[in-house]
Structures are given as C-alpha cells and as structure tokens.
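Working notes for the structure below.
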C-alpha cells in the first residue's frame with residue numbers, strides 16, 4: 371500500500387497535471403480545432419437529419435443520434451483517446467520521465483485520466499448546447515435526467531479508461547494502436563447510434579450489447595429523450611439496471627486488469643527501450 | 046540519515062564505513078539470451094564522489110546505469126544504491142535519486158517553469174532533516190541558466206536549452222545521487238562550461254554523481270574517478286591523474302638547438318633534461334615535456350583491449366585504484 375502522505379502528494383500532482391494539460395488544450399489552436407471541426411460537422415449532419423423520422427416513432431433521426439454520439443464520446447474517450455495518448459507519450463519520453471519520479475507513473479495516470487475526462491466533457495458541452503437549441507426533441511429538464519446523464523458519463527469513462535490504458539500498454543508502437551480504430555468504427559456502426567439497434571439482426575444486437583459503447587449511447591438517450599422514445603429500443607425499455615450492470619462490470623474488469631498490465635509495461639520502460647522506439651519512428655518518417 | 050542495510054547483505058568495501066558508500070557493485074552480470082553484456086563489473090562510489098563511466102559504444106555503460114537506476118533487472122551480482130537493492134527500491138528511495146534523461150520531444154506544449162514546478166511537486170513529501178525537497182523552482186531555473194526562457198513553451202527551446210531543462214528536471218528533487226547519461230551532448234562550449242560549474246556546485250553539496258560521457262576532457266575536468274568499461278567489464282578504475290600516469294611511463298621531450306628541432310621519448314624526463322642542459326647549456330631553446338593525456342591513455346587502453354590483451358590491463362589498474 372502507498373503511505374498516506376505519498377498518496378496525497380501523488381494525487382495532488384496528478385490533479386495539477388490534468389489541470390495544466392486541460393488548460394493547454396484550451397489555449398492551443400490545433401487542439402481547439404480538433405474539438406470544433408468534428409462537432410460542427412456532426413451538428414450539420416444532425417440538422418439535415420431533422421426531417422427524417424425514425425420508423426415507428428414521431429422522432430427525428432437527428433434527435434436519436436445526438437445523445438448516442440454524446441454517449442459514444444465518453445466511451446471512446448477512454449478506449450481510443452486514452453490508449454493513443456499513452457502509446458504516443460511512451461514514445462516521446464513522457465512516461466519515462468514519470469517513471470524517474472517517485473510515484474510518477476501513478477501520478478501520470480491520474481493526471482491523464484483527468485485530462486481525458488475533461489476533454490470529453492468539453493466535447494460534450496460543445497455538442498449538447500447547440501443540440502438543445504437545434505433539436506426540439508432533445509431536452510434536459512428534470513433533475514432525474516441530469517442525474518442519469520452524469521451517472522452514465524462517469525460510468526462510461528470508468529468503464530473505458532482502464533481498458534484504454536491496457537490497449538495503450540499492450541501495443542508498444544503508436545501506429546499499432548491505430549488498429550483499435552477499425553474495430554472501434556465497427557462497434558459504432560452496430561451500436562444503434564445512427565439507426566435503431568432493433569432493426570439489426572439479433573446476433574449483431576448480441577455482439578453490440580457486450581461492449582460499453584452501446585450502453586453508453588442507450589444511457590444518454592434515456593437521459594435526453596422523452597420516455598416514449600424507448601419504444602424503438604431492445605425490449606422497449608431504457609434498461610437502466612442492465613446499463614449500470616454492464617458498464618460497471620467493464621469498469622471492475624478494467625480496474626482489476628489495468629494495474630497488472632500497466633506495472634508490466636512500466637517495468638519495461640527504460641532509456642534504451644525508448645531510444646529503440648525513437649529510432650523506429652525516425653525510420654518510418656524517412 | 047542512516048542507510049538501510051538488508052539483513053544478510055555482504056558488507057561494503059572494507060575500507061569504507063557503510064554510510065559513506067553511495068553505490069556498491071560486486072560481480073554484476075547481465076545476460077540477454079546467450080549474450081553477456083556485463084561479465085564482471087565491480088566498483089564502489091563514495092558519497093559526494095563524481096565518477097565518470099567511459100567506454101566504447103556497446104561496452105555496457107547504459108546497461109550498468111539502468112540497472113543502478115532500477116530500470117533494468119540484473120542477471121546476477123550484488124548491487125546497492127544508497128544502501129538499497131535497486132531491484133526492490135521503494136518510491137521513497139527513488140525520491141533520493143535524480144536521473145537526467147535524454148529527452149526528445151515530451152511536454153512540448155508545456156512552459157519551462159510550469160513543468161519544473163509540476164515535477165517538483167512529486168517530491169514535497171520527501172523532505173528530511175537534511176534536505177528540503179523539492180528545489181525552489183525559480184532558484185532552479187536560475188541555477189541552470191534558463192531564467193530568460195522560464196515562460197517559453199518547451200518545444201520552442203533550442204537543443205542546448207532543452208538539455209539544461211533535462212538537467213534541471215534531474216535535480217528538481219535535490220537528489221543524493223545523480224545519474225547523468227551523456228549530459229553535454231550537443232552543448233556549445235559556453236553551455237558546457239556552465240554545466241561543469243553546476244556539477245561542481247552539486248558535488249560540493251555532497252551529491253554523488255555518476256555520469257557517462259564520450260568526452261575525455263569532460264571526464265578529466267569533472268570526475269574524481271574514472272571507470273573504463275570494455276567488453277562488459279571494468280578495464281580501468283582510478284583518478285584521471287593516476288590513469289594517465291600509469292599508462293604513460295614515457296614522456297616526450299621536444300627542444301630545438303641551432304634552429305634544429307629534436308624529439309626524444311624517455312621514461313625519466315627530468316634526468317634527460319638535466320643532462321641535456323649540462324651538455325648544451327644555453328643552446329637549448331623551445332623546451333617542452335609532454336606526458337600522455339587522458340585521451341592518449343584511453344585510446345591506448347581501448348586498443349589494448351581490442352587486441353585481446355586486456356587481462357593485464359585490468360590488473361594494472363586495480364593497483365591504480367588502491
């Protein structure tokens with residue numbers, strides 16, 4: 371166990387890292403555009419979708435898509451953003467620096483989790499606020515809706531950040547981490563974000579329901595859409611209990627697995643292993 | 046501060062009390078698969094000593110340092126760093142070490158002061174009755190000569206400035222033992238001199254320093270003791286002077302007489318020069334006596350090592366070390 375004073379120091383350092391990195395994101399033009407351009411693109415698509423009704427309901431397709439995308443944003447922040455960052459910062463030496471500090475690796479992971487969570491919160495606000503104005507079916511009026519939204523957001527991050535950390539540690543080369551993108555897009559396609567999942571074959575629905583992405587989207591739809599929109603969902607219900615159970619199970623599994631994998635990764639980190647990756651990166655760039 | 050010793054661990058070098066030993070390495074071996082990278086490495090470093098690790102590429106310098114830093118597990122041998130086995134070092138132990146890494150492009154968006162302040166905050170709970178940790182950020186920035194760049198983004202620093210920042214990060218926790226892997230690679234002469242001053246200041250404050258370098262002049266200026274690694278073993282161990290003297294029993298005497306230049310090699314330069322003056326008196330001009338430099342010593346040693354005659358060299362320098 372970490373002694374209490376060391377733990378407090380480490381957590382404070384991690385929080386400071388998260389705060390600084392978030393501020394740097396907000397003051398770096400490239401990073402800001404990274405948020406604004408996809409959001410603007412998405413909102414444009416949603417506005418054009420307004421006219422299309424989802425079969426069997428009075429809802430516009432855009433109104434269903436927006437909460438799904440918001441939920442997926444939280445889930446993918448953990449799965450993709452975190453793992454890519456980890457692999458990238460292993461190559462550029464950030465992790466080795468952390469390893470040379472007392473409890474530096476723990477502090478780094480705390481900080482990075484905060485940065486990723488804050489980043490997805492920024493993306494969330496940028497998407498939701500204009501969405502509330504543009505799509506009349508989407509609303510956030512009751513305290514229960516707020517509570518569901520926050521709970522689903524936090525749980526989605528908890529379910530996916532540890533798994534993202536594992537993915538980022540397993541692949542030693544950032545270009546390999548890119549292979550998570552393909553299955554990632556596959557999951558997005560089958561998770562009922564752009565089209566009700568009940569219109570897919572049952573076996574495909576079963577696959578989608580194993581992963582956190584579908585549940586994050588479902589949870590957000592339950593928070594942002596009126597109750598009768600549940601009609602197009604599996605079982606005609608928001609299935610809150612199942613949502614929390616599946617996301618919770620991913621969180622627990624990830625938190626059990628991640629420390630072990632991360633410790634293994636951290637042990638192998640050294641100046642010479644970094645030199646090797648650097649040499650490879652240079653060879654690729656040439 | 047007392048140095049922790051594990052029960053059953055062998056005693057340190059007999060002539061030093063245990064509290065005075067910062068690094069203790071005996072029979073260190075490292076093997077990757079069937080390749081021996083380190084065959085037998087033995088040395089100790091006293092507290093406050095500056096030790097330079099030299100050797101051709103592939104001699105095992107980096108491997109040795111990484112084992113001492115606790116970044117790599119050794120195959121066999123006895124290693125104690127500040128009294129602790131680095132394979133089982135705690136974070137409290139790590140807080141007493143400083144490591145200067147060759148950075149590449151990490152934290153590019155951060156500002157210099159911001160990064161040092163943040164990294165220093167990892168050390169706040171490790172102060173003890175002798176050392177207050179971390180180093181005050183502004184003092185530290187001044188000490189490495191980055192005051193004008195404190196608010197700059199790190200990716201905008203020049204190569205030399207970036208290396209100063211690496212050094213600052215290495216010492217931000219006021220380490221008792223500092224590892225420097227080729228610290229001045231890419232420095233201009235002025236930056237190099239500033240850096241040497243900084244190392245002297247740190248070693249005056251009882252910081253033990255282990256550095257690797259390819260620059261013999263630097264090793265000569267900074268180190269109390271030089272270790273030369275070759276083929277995974279220590280092939281020489283001694284003070285820069287002792288090493289140079291031991292290797293070069295011969296000196297070169299140059300002079301001119303009647304406008305003609307002469308060169309003579311001798312084992313007893315003093316006697317040769319005295320006889321020269323007795324014989325020619327005031328005709329002698331431009332007298333110059335030159336002993337082998339550390340660089341000559343090093344090159345001779347590496348040549349000897351490569352010719353496979355190294356066992357005798359090891360023996361020679363074991364005597365020098367005493």
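Chains as they are written, first to last, in our numbering: chain S, 371 to 656; chain Y, 46 to 367.
C-beta: ideal position from N, C-alpha, C; glycine also.
* Nearest candidate by alpha-carbon position, reference residue 124 (chain Y), set Y:109, Y:137, Y:274, Y:206 -> For the purposes of this step, residue 124 (chain Y) is taken as the residue at position 79 of the second chain. Cα-wise, what sits closest to residue 124 (chain Y) is Y:109.
* To do: Label residue 246 (chain Y) either buried or exposed according to how many other C-beta atoms from any shown protein chain fall within 10 Å of its C-beta, with 16 as the threshold for buried.
  => Looking up residue 246 (chain Y) in the second chain gives position 201. Taking all protein chains in view, the Cβ of residue 246 (chain Y) is surrounded by fewer than 16 other Cβ atoms within 10 Å, so the residue is classified as exposed.
* Where do the N-terminal and C-terminal ends of the alpha helix (DSSP H) with residue 245 (chain Y) fall, by residue? -> What you label residue 245 (chain Y) is simply residue 200 of the second chain in a count that begins at 1. Annotation for residue 245 (chain Y): the continuous alpha helix (DSSP H) segment containing it runs 234 to 249.
* Run the CB neighbour count on residue 620 (chain S), radius 10 Å, all protein chains shown included, and call it buried at 16 or more, exposed below. => Counted from its first residue, the first chain places residue 620 (chain S) at position 250. Counting Cβ neighbours within 10 Å, residue 620 (chain S) comes out buried, since at least 16 surround it.
* **Residues that DSSP places opposite residue 81 (chain Y) in a beta bridge** => Position 36 of the second chain, counted from the first residue, corresponds to residue 81 (chain Y). Answer by DSSP bridge pairing, in chain order: Y:76.
* Identify every residue that forms a DSSP beta bridge with residue 330 (chain Y). => Counted from its first residue, the second chain places residue 330 (chain Y) at position 285. Y:301, per the DSSP bridge assignment.
* **CB contact check: residue 463 (chain S) to chain Y, cutoff 8 Å** => In the first chain, residue 463 (chain S) corresponds to position 93, counting from 1. Under the 8 Å criterion on CB atoms, residue 463 (chain S) is classed as interfacial with respect to chain Y.
* Leaving out the 5 sequence neighbours to the left and right, which residues in its chain are closer than 6 Å to residue 383 (chain S) when beta-carbon positions are compared? -> As a first step, residue 383 (chain S) is located in the first chain; it is residue number 13 there, counting from the start. Close CB contacts of residue 383 (chain S) within its chain, under the 6 Å cut and outside five residues either way in sequence, are with 477 (chain order).
* **DSSP beta-bridge partners of residue 69 (chain Y)** => Counting from 1 along the second chain, the entry for residue 69 (chain Y) is found at position 24. The bridge partners DSSP lists for residue 69 (chain Y) are Y:89, Y:125.
* To do: Taking only the alpha-carbon atoms, compute the straight-line gap between residue 362 (chain Y) and residue 449 (chain S) and give it to the nearest angstrom.
  => Position 317 of the second chain, counting from 1, holds the residue named residue 362 (chain Y). Position 79 of the first chain, counting from 1, holds the residue named residue 449 (chain S). The pLDDT assigned to residue 362 (chain Y) is 47, lower than 50, so where the model puts this residue is not dependable; a value taken from the coordinates is nonetheless given after this. One alpha carbon belongs to residue 362 (chain Y), the other to residue 449 (chain S), and they sit about 57 Å apart.
* Thinking C-beta only, is residue 444 (chain S) closer than 8 Å to residue 526 (chain S)? -> By 1-based counting over the first chain, the position of residue 526 (chain S) is 156. By 1-based counting over the first chain, the position of residue 444 (chain S) is 74. In contact: residue 526 (chain S) and residue 444 (chain S) (Cβ atoms closer than 8 Å).
* Asked: Considering only the beta carbon of each residue, do residue 261 (chain Y) and residue 340 (chain Y) sit closer than 8 Å?
  -> Locating residue 261 (chain Y) in the second chain gives position 216, counting from the first residue. Locating residue 340 (chain Y) in the second chain gives position 295, counting from the first residue. In contact: residue 261 (chain Y) and residue 340 (chain Y) (Cβ atoms closer than 8 Å).
* **Nearest candidate by alpha-carbon position, reference residue 248 (chain Y), set Y:324, Y:305, Y:223** => Along the second chain, read from residue 1 onward, the residue named residue 248 (chain Y) stands at position 203. Closest option to residue 248 (chain Y), Cα to Cα, is Y:223.
* Just tell me which of Y:266, Y:97, Y:274, Y:94 has its CA closest to the CA of residue 348 (chain Y). => Mapped onto the second chain, residue 348 (chain Y) falls at position 303. Here the closest residue by C-alpha is Y:274.
* To do: Name, please, each residue of chain Y whose Cβ falls closer than 8 Å to the Cβ of residue 398 (chain S).
  => Here residue 398 (chain S) corresponds to residue number 28 of the first chain, with the count starting at 1. Within chain Y, the residues near residue 398 (chain S) are 154.
* Candidates Y:337, Y:190, Y:138: which alpha carbon is nearest residue 205 (chain Y)'s? -> What you label residue 205 (chain Y) is simply residue 160 of the second chain in a count that begins at 1. Ranking Y:337, Y:190, Y:138 by Cα distance to residue 205 (chain Y) puts Y:190 first.
* Please check if any C-beta of chain S sits within less than 8 Å of the C-beta of residue 130 (chain Y). => Your numbering for residue 130 (chain Y) matches position 85 in the second chain. No, residue 130 (chain Y) lies away from the interface with chain S (no Cβ there is under 8 Å from its Cβ).
* Could you tell me which chain Y residues have their CB closer than 7 Å to the CB of residue 474 (chain S), listed as they occur along the chain? => The count along the first chain starts at 1 and reaches residue 474 (chain S) at position 104. Within chain Y, the residues 167 have their CB atoms less than 7 Å from the CB of residue 474 (chain S), given in chain order.
* So who's on the other strand from residue 296 (chain Y), going by DSSP bridges? -> The residue labelled residue 296 (chain Y) in the question sits at position 251 within the second chain. The partner list for residue 296 (chain Y) (beta bridge, DSSP) reads Y:311, Y:336.
* Asked: From what residue to what residue does the alpha helix (DSSP H) around residue 570 (chain S) run?
  -> Within the first chain, the letter at position 200 stands for residue 570 (chain S). Element bounds for residue 570 (chain S): n/a, residue is neither H nor E.
* Leaving out five residues before and five after residue 607 (chain S) in sequence, what residues of the same chain have Cβ atoms less than 6 Å from its Cβ? -> Indexing the first chain from 1 puts residue 607 (chain S) at position 237. Cβ within range, chain order: 600.
* Is it right to say residue 303 (chain Y) is buried, meaning 16 or more other beta carbons lie within 10 angstroms of its own, or is it exposed? -> As a working note, residue 303 (chain Y) is residue 258 in the second chain. Burial call: exposed.
* **Pick from S:405, S:479, S:469 that is closest to residue 497 (chain S), judged by C-alpha positions** => In the first chain, the residue the question calls residue 497 (chain S) occupies position 127. With distances taken between Cα atoms, residue 497 (chain S) lies closest to S:405.
* Who are the neighbours of residue 369 (chain Y) on chain S, taking C-beta pairs under 8 Å? -> It is not possible to answer for residue 369 (chain Y), since the shown part of chain Y is limited to 46 through 367.
* To do: My understanding is that residue 146 (chain Y) touches residue 641 (chain S), with C-beta atoms under 8 Å, so please give their C-beta distance in whole angstroms.
  => Along the second chain, one-based indexing puts residue 146 (chain Y) at 101. Along the first chain, one-based indexing puts residue 641 (chain S) at 271. Sure, about 6 Å apart at Cβ, within 8 Å.
* Does the beta-carbon distance from residue 479 (chain S) to residue 523 (chain S) come in below 8 Å? -> Here residue 479 (chain S) corresponds to residue number 109 of the first chain, with the count starting at 1. Here residue 523 (chain S) corresponds to residue number 153 of the first chain, with the count starting at 1. No, the pair does not count as a contact, with Cβ atoms beyond the cut-off.
* Asked: If you count every other CB in all the chains shown that lies within 10 Å of the CB of residue 372 (chain S), and 16 or more means buried, which is it?
  -> Your numbering for residue 372 (chain S) matches position 2 in the first chain. Around the beta carbon of residue 372 (chain S), fewer than 16 other beta carbons sit within 10 angstroms, so the residue counts as exposed.
* Does the region 553 to 571 of chain S touch the region 482 to 489 of chain S, meaning 3 or more C-beta pairs lie closer than 8 Å? -> Under the Cβ criterion (8 Å, minimum of three pairs), the region 482 to 489 of chain S does not count as touching the region 553 to 571 of chain S.
* Asked: For the candidate residues S:462, S:475, S:593, S:429, whose alpha-carbon lies nearest to that of residue 520 (chain S)?
  -> Counting from one through the first chain, the residue named residue 520 (chain S) turns up at place 150. Distance from the Cα of residue 520 (chain S) is smallest, within the candidate group S:462, S:475, S:593, S:429, for S:593.
* Ordered along the chain, which non-local residues of its own chain (more than five positions away) have a Cβ less than 7 Å from that of residue 328 (chain Y)? -> Here residue 328 (chain Y) refers to the residue found at position 283 of the second chain. These residues qualify, in order along the chain: 302, 303.
* Asked: CA-CA distance, residue 612 (chain S) and residue 447 (chain S)?
  -> What you label residue 612 (chain S) is simply residue 242 of the first chain in a count that begins at 1. What you label residue 447 (chain S) is simply residue 77 of the first chain in a count that begins at 1. Cα to Cα, residue 612 (chain S) sits roughly 22 Å from residue 447 (chain S).
* **CA-to-CA distance, residue 166 (chain Y) to residue 374 (chain S), given in whole angstroms** => On the first chain, residue 374 (chain S) is found 4 positions in, with the first residue counted as 1. On the second chain, residue 166 (chain Y) is found 121 positions in, with the first residue counted as 1. Answer to the nearest angstrom: the Cα atoms are 16 Å apart.
* Please check if any C-beta of chain Y sits within less than 8 Å of the C-beta of residue 485 (chain S). => Here residue 485 (chain S) refers to the residue found at position 115 of the first chain. So, not an interface residue.
* Runs of alpha helix (DSSP H) lying entirely within the region 248 to 278 of chain Y, each at least 4 residues, in chain order -> Counting only runs of at least 4 residues, the region 248 to 278 of chain Y fully encloses the following alpha helix (DSSP H) elements, listed from N- to C-terminal order: 261 to 267.
* Given 8 Å, three or more beta-carbon pairs between the region 118 to 137 of chain Y and the region 68 to 87 of chain Y -> Under the Cβ criterion (8 Å, minimum of three pairs), the region 118 to 137 of chain Y counts as touching the region 68 to 87 of chain Y.
* **residue 98 (chain Y) (DSSP reduced to helix, strand or coil)** => As a position in the second chain, residue 98 (chain Y) is number 53, starting the count at 1. The three-state reading of DSSP puts residue 98 (chain Y) in strand, counting E and B together.
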